[in-house]
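In terms of this note's numbering, the sequence shown opens at residue 9 and continues consecutively.
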Amino acid sequence: MVKNKSIKGKYKSILDFMGTRKKDREELEEHREKDKDHTISPAKEGRNTSEFVINELLEIVKEKQKIAREVRAEKKVGVEEQSELSRPLVPSGEILDQILQEGLDTGDVKCNNMGKCNDGKNIGEIFVDKYGFKRQRGFVNTTRFPVFLDWIVEEAEVQKILPRAYSVRTNRGSLALIPEDFLCELHTRYGVILKNYDKCRNYRSIIGREAQRSRRKRR
C-alpha cells in the first residue's frame with residue numbers, strides 16, 4: 009500500500025489561502041477607513057471654521073445692538089416720546105396786511121418781575137389773538153427795559169446731540185443747536201413750545217434788571 013506523501017513548499021494549504029484572503033480584506037477595510045477619515049476631516053474643519061466665523065459675527069451684531077440701545081436710552085433722559093407736530097398757521101395775504109396796518113397793541117403792555125402783565129395776561133401764557141392765531145406772551149431783555157411781545161407759537165421737537173446741547177426742529181422748518189440751559193427760555197418766552205421736553209414745568213424766566221443781576225452772579 010502506497011502512502012501519500014505530504015508535499016511541502018510547492019502548494020499551500022487552502023486554509024492558508026483563506027487566511028491570507030481574510031488578512032487582505034482587513035487591510036483593505038483599514039485603508040478604506042483611513043481614506044474615509046481623510047475625506048471627512050477637511051469638511052469637518054470647514055464646518056468648524058464657518059461656525060466660528062458666524063458666532064463671531066453674531067457677537068459683533070449683539071454688541072452693536074447693545075450700544076445702540078444704550079445711546080437711545082441716554083438720549084431719552086428728560087425727553088419724552090416724540091410726538092407729531094401740528095401744521096403751522098401763520099398770517100398771509102389780506103390777514104397779514106390787516107395785522108401790519110392795525111398792529112398788535114403790545115406797545116403799552118407792561119409786566120412785573122413775577123410775570124403778571126397789565127392787560128391780564130402772564131409771561132409764557134398761550135392764547136388765541138383776534139385774528140385766530142395762537143400766540144405766547146414773551147419778552148426780550150435789553151440794557152434799559154424789557155420789550156414785551158406776543159409771538160406766534162411754533163411747536164418743536166428736541167433731540168440730544170451733545171452732553172449739554174440739543175437740536176431743536178420746529179414745525180415751520182427751523183433747525184438749531186441750542187444749549188440745554190436755554191431750552192426753557194425758548195419754551196416760556198420765545199413762542200417755541202417743546203413737545204417732548206418735560207423739564208420746564210416749573211421754570212420762570214427772569215425779567216429786566218433781575219436778569220442782569222443773575223448773569224453777574226453766574227460770572
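Backbone N, C-alpha and C fix where the C-beta goes; we use that ideal spot for every residue, glycine too.
Here Ala164 is buried, its C-beta having at least 16 other C-beta atoms within 10 Å. Counting other Cβ atoms within 10 Å of its Cβ, Ile215 reaches 16 or more and is therefore classed as buried. A straight-line Cα-Cα distance of about 56 Å links Phe190 and Thr57. Asp206 and Val166 have their alpha carbons spaced roughly 11 Å apart. Secondary structure remark: continuous alpha helix (DSSP H) runs of at least 4 residues inside the stretch 95–141, in chain order: 101–110. When DSSP reads this structure, Glu165 sits in a beta bridge with Arg177. Secondary structure at Arg197: helix, using DSSP grouped into helix, strand and coil. Between the alpha carbons of Glu102 and Gln109 lies a gap of roughly 10 Å.
In the DSSP assignment, Ile160 falls within the beta strand (DSSP E) that extends over 155–160. A buried status is given to Tyr174, since no fewer than 16 other beta-carbon atoms sit within 10 Å of its beta-carbon.
In this structure, DSSP gives Ile214 a state outside helix and strand, which the three-state scheme calls coil.
In this structure, Ser182 keeps its C-beta atom at 8 Å or more from the C-beta atom of Thr196.
Under DSSP, Ala76 forms no beta bridge with any residue. Cβ-Cβ separation between Leu185 and Ile201: approximately 18 Å, too far for a contact (criterion under 8 Å). With fewer than 16 neighbouring CB atoms inside 10 Å of its own CB, Asp105 falls in the exposed class. Counting the other CB atoms within 10 Å of its CB gives Gly123 a total of 16 or more, which places it among the buried residues. Per the DSSP secondary-structure output, Pro187 pairs in a beta bridge with Ala173. In the assembly as shown, Ile131 is a buried residue. Its beta-carbon has 16 or more other beta-carbons within 10 Å.
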